[in-house]
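The sequence shown runs -27 to -1, 1 to 350 under mature numbering (1 follows the signal peptide of the UniProt record, and there is no 0). Right, one structure below, let's go through it.
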Amino acid sequence: MAVRVTRRRGLGLMAAALAFARRPVLAAPAAPRWFGTRLTGAGAAFATAFDDAGRAVIDLPLPARGHGVAVSPDRGHAVVIGRRPGTFALAVRLADGAVVARAEAAAGRHFCGHGIHGADGRLFFATETDFEGERGLIGVYDVAEGYRRVAEWESGGLDPHDVRLLPGGRLIAVANGGILTHPDAPGAKLNLDEMDSSLSLIDVASGAIVHQYRLAPDLFQLSIRHLAIGADGSVAFAMQSEGPADRLVPLGGVLRPDGTVQLLEMPRTALADLRQYCGSLASDAAGRHFGMTSPRGGSAAFFAYDDGRYLGSRSLSDVCPIAADPAQPGRFYIAGGHGGIAVVGPGETRRLDGDLARTALWDNHMALVSAPQSTTW
């Protein structure tokens, strides 16, 4: 992987009006453990928190399809972000499911599905696109002021998607997918012959890009999309391929704290099972292992941070959401778009049998809400 180092100045302050709302939710049978987005058979979108048994604790109707969920450092609320090209982000109080703040995308921008809080919880960083200017951005929001948008920074490329906070709280990692899109052409990918994906590290004090990493030129049609953080500060990344369907290419890698990058190796059959696409990524509770999922292939693959070794795969139809089990290092919860939540770990695959677990049509992501996230180790 070629490495390029760049520095940029943060842009000036920008204000945007926010709307506030509260919505009724379920009475909580237990503390929420995980929070994700889902669809009903009729296409209605919900943000749903569930407990260890797969029972709904919060079930919040959304104005449109949701995507990522980011939990505040104090575990008091979570932000549900609209799917690209989304225009909303809702702050949901975890104690009762009330919507306590709503952010709308600024004029000429849209959300790209993910965000993360700063270490002290005062700021929130969301991936965004300036679609007319063809620029990737990080929108900066003041949490105490109801998620008021106060600044924007360059992300370092097109199509910023996932964003994570590195240990120490000084840097965020941003996955620039490199794919040009526009709201007037829904679903169209407009630059596949000249994609430019990258992984940026941005200083949260200044908005400057302090390091940027790119794949080798022969892998230019790989899009870096999702991130997870290891206990040692390594950044795992998962990708999707926009190249020839019959060419097997690596779909994940690890950026080490020393700046070296390792692309993941796995058995050819297991790699083929991912069908050129990984849709989500998560670290385990100890930050020593990570898993990445492929809804196209119905497969979840697991790796070790220390040397990138392949640990095995598990199958679940249309699997995408994945999050750590806080009680057991090496164990994960995964969910499928055709229904079903499973607990997977070394030598273990167990389906949850709650009504929600059996029937909900889960969307792309879910977050662990009842224990510290991987980004705070």
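All residues carry an ideal CB built from backbone N, CA and C; glycine is no exception. It should be emphasised that the depicted structure is a prediction, and the values quoted were computed from it without experimental measurement.
- Secondary structure of Glu167 (DSSP, three-state): helix.
- Of Val44, Trp335 and Pro217, the smallest CA-CA separation from Ala64 is found for Val44.
- Counting along the chain, Ala245 sits inside no beta strand (DSSP E); it lies in the alpha helix (DSSP H) bounded by residues Arg241 to Asp246.
- Under the DSSP assignment, Asp336 falls in the beta strand (DSSP E) whose first and last residues are Leu334 to Leu341.
- Comparing C-alpha distances from Thr102 to each of Leu96, Gly129 and Gly39 shows the shortest one belongs to Gly129.
- If the five residues before and after Ala78 are omitted, its C-beta is found closer than 6 Å to the C-beta atoms of Thr60 and Phe84, all from its own chain and listed in chain order.
- Within the segment 81 to 124, the runs of beta strand (DSSP E) at least 3 residues long that lie entirely inside it are, in chain order, 82 to 90, 96 to 103 and 108 to 115.
- Comparing C-alpha distances from Pro268 to each of Ala308, Thr21 and Pro230 shows the shortest one belongs to Ala308.
- For Pro319, the closest of Gly327, His155, Gly225 and Arg304 by C-alpha to C-alpha distance is Arg304.
- Excluding sequence positions up to five before and after Gly226, its CB lies within less than 7 Å of the CB of Phe210, Val234, Gln235, Leu236 and Leu237, all in the same chain and listed in chain order.
- The shortest C-alpha to C-alpha distance from Ala255 to any of His199, Ser171 and Glu215 is the one to His199.
- CA-CA distance, Leu224 to Ala277, rounds to 15 Å.
- Cβ-Cβ distances below 7 Å link Pro36 to Phe61 in the same chain, with the five nearest sequence neighbours on each side left out; the list follows chain order.
- Distance from the Cα of Met212 is smallest, within the candidate group Gly271, Asp336 and Arg248, for Arg248.
- 8 Å or more divides the Cβ of Tyr114 from the Cβ of Leu139.
- In this structure Ser196 touches Met168 by the C-beta definition: roughly 7 Å separates them, less than 8 Å.
- By the 16-neighbour rule on beta-carbons within 10 angstroms, Ser179 is exposed.
- With respect to the C-alpha of Ser253, the residue from Phe263, Leu244 and Thr242 having the closest C-alpha is Phe263.
- Looking at the DSSP output, Leu12 bridges to Ala18 and Leu334.
- Sixteen is the threshold: when 16 or more other Cβ atoms of the shown chains lie within 10 Å of the Cβ of Thr266, as they do, the residue is buried.
- Relative to Ala259, the option among Gly39, Asn149, Ala300 and Arg122 whose CA is nearest is Ala300.
- Around the beta-carbon of His40, 16 or more other beta-carbon atoms lie within 10 Å, marking it buried.
- Separation of Leu329 and Val292 (C-alpha to C-alpha, rounded to the nearest whole angstrom) is 16 Å.
- Assignment of alpha helix (DSSP H) within the segment 16 to 54, counting only whole runs of 4 or more residues, yields no such run.
- When the Cα atoms are used, Ile89 and Asp219 turn out to be separated by approximately 36 Å.
- Non-local beta-carbon contacts of Asp93 in its own chain, meaning distances under 8 Å to residues more than five positions away in sequence, involve Pro46 and Gly142 in chain order.
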